[in-house]
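J.:
2 protein chains.
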Amino acid sequence: MINDALEAKTNAVQRRERGVDRILQILEFLQRRGEGIRIGALANALNAPRSSTYTLVNDLTEAGLLEISQEDSRIFFGKRIYLYGLSYIHENSLAKRARMEVDRLARETGETSEFCVLHNGRYTLMHMCVGNRPFRISSAVGVQIPLPWTASGRLLLAGRSRKEIVELIPPEDFVLPDGRRIEINDFLEAIEKARHDGYCLTKGLVDTVAQCLAAPIYDAVGLVEATICLVLPIDLSEGQTGMLRDRLLASSRALSSR
Amino acid sequence: MINDALEAKTNAVQRRERGVDRILQILEFLQRRGEGIRIGALANALNAPRSSTYTLVNDLTEAGLLEISQEDSRIFFGKRIYLYGLSYIHENSLAKRARMEVDRLARETGETSEFCVLHNGRYTLMHMCVGNRPFRISSAVGVQIPLPWTASGRLLLAGRSRKEIVELIPPEDFVLPDGRRIEINDFLEAIEKARHDGYCLTKGLVDTVAQCLAAPIYDAVGLVEATICLVLPIDLSEGQTGMLRDRLLASSRALSSR
DNA sequence: GACAGTTGTCTCGTATATAGTACAATTATT
DNA sequence: AATAATTGTACTATATACGAGACAACTGTC
Chain A
1 MINDALEAKT
11 NAVQRRERGV
21 DRILQILEFL
31 QRRGEGIRIG
41 ALANALNAPR
51 SSTYTLVNDL
61 TEAGLLEISQ
71 EDSRIFFGKR
81 IYLYGLSYIH
91 ENSLAKRARM
101 EVDRLARETG
111 ETSEFCVLHN
121 GRYTLMHMCV
131 GNRPFRISSA
141 VGVQIPLPWT
151 ASGRLLLAGR
161 SRKEIVELIP
171 PEDFVLPDGR
181 RIEINDFLEA
191 IEKARHDGYC
201 LTKGLVDTVA
211 QCLAAPIYDA
221 VGLVEATICL
231 VLPIDLSEGQ
241 TGMLRDRLLA
251 SSRALSSR
Chain B
1001 MINDALEAKT
1011 NAVQRRERGV
1021 DRILQILEFL
1031 QRRGEGIRIG
1041 ALANALNAPR
1051 SSTYTLVNDL
1061 TEAGLLEISQ
1071 EDSRIFFGKR
1081 IYLYGLSYIH
1091 ENSLAKRARM
1101 EVDRLARETG
1111 ETSEFCVLHN
1121 GRYTLMHMCV
1131 GNRPFRISSA
1141 VGVQIPLPWT
1151 ASGRLLLAGR
1161 SRKEIVELIP
1171 PEDFVLPDGR
1181 RIEINDFLEA
1191 IEKARHDGYC
1201 LTKGLVDTVA
1211 QCLAAPIYDA
1221 VGLVEATICL
1231 VLPIDLSEGQ
1241 TGMLRDRLLA
1251 SSRALSSR
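Going down the list, the sequences are from chains A and B. The first sequence begins at 1 in the numbering used here and counts up one residue at a time. The second sequence begins at 1001 in the numbering used here and counts up one residue at a time.
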């Protein structure tokens, strides 16, 4: 046992890895870490050889995807990758349409509307257009929220098996910020209902004074690939929510394939 | 001549290229193009072999940096690269501080403020916080504007030789949207003045009813690596602009490396 | 002031990723 | 319907990018 470990440590000839894969690892690691890291530490963290890590990071830096802080030589994402990101939101065929639709929705209804996707097992806010209510939602583009906390989360999971869902969501994601616990069975039922209804309404989950009205965006094969969603004050009349729902569903249909 | 060309075409054994470099080419090409492209066309455009282009694009797609439209199989930037981009603006050591400072500046002065860098020979708007004036500037994060059109452009070029500047800026960039032409010599003088003053004020260039007040952010070796800038209505009093300038310069100093 | 740890650069042999080619399946074009 | 062009996948050989290791220049630590 101990011998194996030692042997593994000394003799281990590291599998040769493509630069391409290493780059993807670097970028992903850098995001997950959430702050700059020096090259040596990066190589350790990925247990990649220092030599090739240097060349790759230098290449990426030269290309502008990474930047190295001059004072403490930590690595960060660079300008260029930011601009590529903006290209996603402006040009990606789905994102572009969704963004325009969300802006229109917010303009017409006056309510905060959002475009969300499933990313890394969480609800992820990709675009938001704030409404003109005096009360403001404290959300920001890029935030990632546990699926059970959101209406969109229920739709994004629609059609998946119980097993898949349970595997995808870490247990702690069933506990709301204020400590309340969401029962898995209730959650699964809500997903089923959302799937059947073609939309989902949740009240006072993340924020106790807000309700969320979400609708699916279906891809070409009929799966929910994203959602649009309205963030509303909790005290609207039946009639008001009904009208908003119809308006939202119109957008949902406009964005879905055929 | 013709023979050479023919021979080059038939016999040319393409230099083997690293996947890493190819990826950088792909991303850059995709942004410059500004819309989706199919893999075959991409390989042509880069004159890269189809086979390796396929593997690379597939790798990037699997990683989430690219997405392939299901209906017409065109390639776009993917979600993941958007989130990486957001990491730049939130975590990159300069961008993070600049962003916070710009927000503070806008809050305190009530004026629209911006964080800009030099990218691909153009002024590039990286972050903006709109003020509370009734009149709104129609600018958006990511826009790239010819350097001569902006106050920030003058500062970003400060310290460079005439030769460098002329080479960097394409001739058409000296013509404003409304047809007015900026004389190179006036421009060079303005750069020199900006460098000397440590800030730059331009009136009515891109927009005839706006003036821009820009200040440099110096890097560790004393070069202007970015600027912050206020977008103001053109009819402010001397006293008002003076106060705003002082406030702006305080931010500029706070962001610069000693 | 000696010692350990880290950083950035370089050189070298070999495992392997890339260019090339081929092929069936689509899609466009005539 | 026949022809042409394109797409996506698979298969090899060989040019080369990667891992390993060595080195000097710093940086901190006791």
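Ideal Cβ placement from N, Cα and C applies to all residues, glycine included.
Would you say M1126(B) lies against chain A (beta-carbon separation less than 9 Å)?
T.: Within the second sequence, the letter at position 126 stands for residue 1126(B). For M1126(B), the answer is yes, since a Cβ of chain A falls inside 9 Å of its Cβ.
J.: Under the assumption that M1128(B) contacts T1112(B) (Cβ atoms under 8 Å), give the Cβ distance between them as a whole number of angstroms.
T.: Here the question's residue 1128(B) lines up with position 128 in the second sequence. Here the question's residue 1112(B) lines up with position 112 in the second sequence. The pair is a contact, with the Cβ atoms about 7 Å apart (cut-off 8 Å).
J.: If you reduce the DSSP assignment to three classes, tell me which class F76(A) lands in.
T.: Within the first sequence, the letter at position 76 stands for residue 76(A). If DSSP states are grouped into helix, strand and coil, F76(A) belongs with the strands.
J.: Between the C-alpha atoms of A215(A) and E1062(B), what's the straight-line distance to the nearest angstrom?
T.: Counting from one through the first sequence, the residue named residue 215(A) turns up at place 215. Counting from one through the second sequence, the residue named residue 1062(B) turns up at place 62. Rounded to the nearest angstrom, the two C-alpha atoms are 26 Å apart.
J.: Between I182(A) and P233(A), how many whole angstroms is the CB-CB distance? I'm expecting something under 8 Å.
T.: Taking the first sequence and counting its residues from 1, the one referred to as residue 182(A) is at position 182. Taking the first sequence and counting its residues from 1, the one referred to as residue 233(A) is at position 233. Separation of the CB atoms of I182(A) and P233(A) is rounded to 22 Å, and the pair is thereby denied contact status at 8 Å.
J.: Mind listing the chain B neighbours of A43(A)? Cutoff is C-beta to C-beta under 9 Å, in chain order.
T.: Against the first sequence, residue 43(A) aligns to sequence position 43. In chain B, no part has a C-beta under 9 Å from the C-beta of A43(A); the shortest such distance is about 16 Å.
J.: Please list the partners that L84(A) has in chain B, where partner means a Cβ-to-Cβ separation under 9 Å.
T.: Reading the first sequence from its first residue, position 84 is the one you call residue 84(A). A small fix is needed here, since residue 84(A) is Tyr in this sequence, not Leu. In chain order: L1027, E1028, L1030, Q1031, L1065, F1077, I1081, Y1082, Y1084, G1085.
J.: Entirely within the stretch 1132–1211 of chain B and at least 3 residues each: give me those beta strand (DSSP E) ranges in chain order.
T.: Here the runs fully enclosed are 1144–1146, 1200–1203.
J.: Grab the span of the beta strand (DSSP E) containing S1113(B) for me, first residue to last.
T.: Start at 1 with the first residue of the second sequence, and residue 1113(B) comes out as number 113. Per DSSP, S1113(B) belongs to the beta strand (DSSP E) from 1112–1119.
J.: List the residues of chain B whose Cβ lies closer than 9 Å to the Cβ of A250(A), in chain order.
T.: On the first sequence, residue 250(A) is found 250 positions in, with the first residue counted as 1. Near A250(A) there are no residues of chain B at all, since even the closest Cβ is about 21 Å away, more than 9 Å.
J.: Give me, in chain order, the residues of the same chain whose beta-carbon lies closer than 8 Å to that of D1235(B); leave out the 5 immediate sequence neighbours on both sides.
T.: The residue you call residue 1235(B) lines up with position 235 of the second sequence. Excluding positions up to five away in sequence, the list is empty.
J.: Pick out whichever of G1064(B), Y1199(B), R1107(B) has its Cα sitting closest to the Cα of F1076(B).
T.: Within the second sequence, numbered from 1, the residue matching residue 1076(B) stands at position 76. Nearest to F1076(B) by alpha-carbon distance, out of G1064(B), Y1199(B), R1107(B), is G1064(B).
J.: Checking contacts by CB at 9 Å: is L157(A) closer than that to chain B?
T.: Numbered from its first residue, the first sequence carries residue 157(A) at position 157. For L157(A), the answer is no, since every Cβ of chain B falls outside 9 Å of its Cβ.
J.: Where do the N-terminal and C-terminal ends of the alpha helix (DSSP H) with I23(A) fall, by residue?
T.: Counted from its first residue, the first sequence places residue 23(A) at position 23. Segment 19–33, the alpha helix (DSSP H) holding I23(A).
J.: Could you name the residues of chain A that D1059(B) contacts, counting a contact when the two beta carbons are closer than 8 Å?
T.: Position 59 of the second sequence, counted from the start, is the residue given in the question as residue 1059(B). Within chain A, the residues near D1059(B) are V20, D21, L24.
J.: Measuring only between beta-carbons, confirm whether E1189(B) sits less than 9 Å from chain A.
T.: On the second sequence, position 189 is the one that residue 1189(B) refers to. No, its Cβ sits nowhere closer than 9 Å to a Cβ of chain A.
J.: Within the 9 Å Cβ cut-off, does V130(A) reach chain B?
T.: Within the first sequence, the letter at position 130 stands for residue 130(A). No, V130(A) does not count as interfacial toward chain B.
J.: May I ask you to report which of helix, strand or coil DSSP gives I1002(B)?
T.: Looking up residue 1002(B) in the second sequence gives position 2. With a pLDDT of 32 at I1002(B), under the threshold of 50, the predicted position of this residue should be treated as unreliable, though the coordinate-derived value follows. In the structure shown, I1002(B) sits in a helix (DSSP, three-state: H, G or I).
J.: So E1067(B) is in the beta strand (DSSP E); what residue range does that whole segment cover?
T.: For the purposes of this step, residue 1067(B) is taken as residue 67 along the second sequence, with counting starting at 1. Start and end: 1066–1068.
J.: Count the other CB atoms within 10 Å of the CB of D1178(B); is the residue buried (16 or more) or exposed (fewer)?
T.: Position 178 of the second sequence, counting from 1, holds the residue named residue 1178(B). Exposed is the call here.
J.: Measuring CB to CB, does L1060(B) end up less than 9 Å from T1150(B)?
T.: For this step, residue 1060(B) is matched to residue 60 along the second sequence. For this step, residue 1150(B) is matched to residue 150 along the second sequence. Not closer than 9 Å, so no.
J.: For A1220(B), which of helix, strand or coil comes out of DSSP?
T.: Taking the second sequence and counting its residues from 1, one reaches residue 1220(B) at position 220. Coil.
J.: Excluding five sequence neighbours on each side, which residues of the same chain lie with their C-beta closer than 7 Å to the C-beta of R162(A)?
T.: Indexing the first sequence from 1 puts residue 162(A) at position 162. These residues qualify, in order along the chain: L188.
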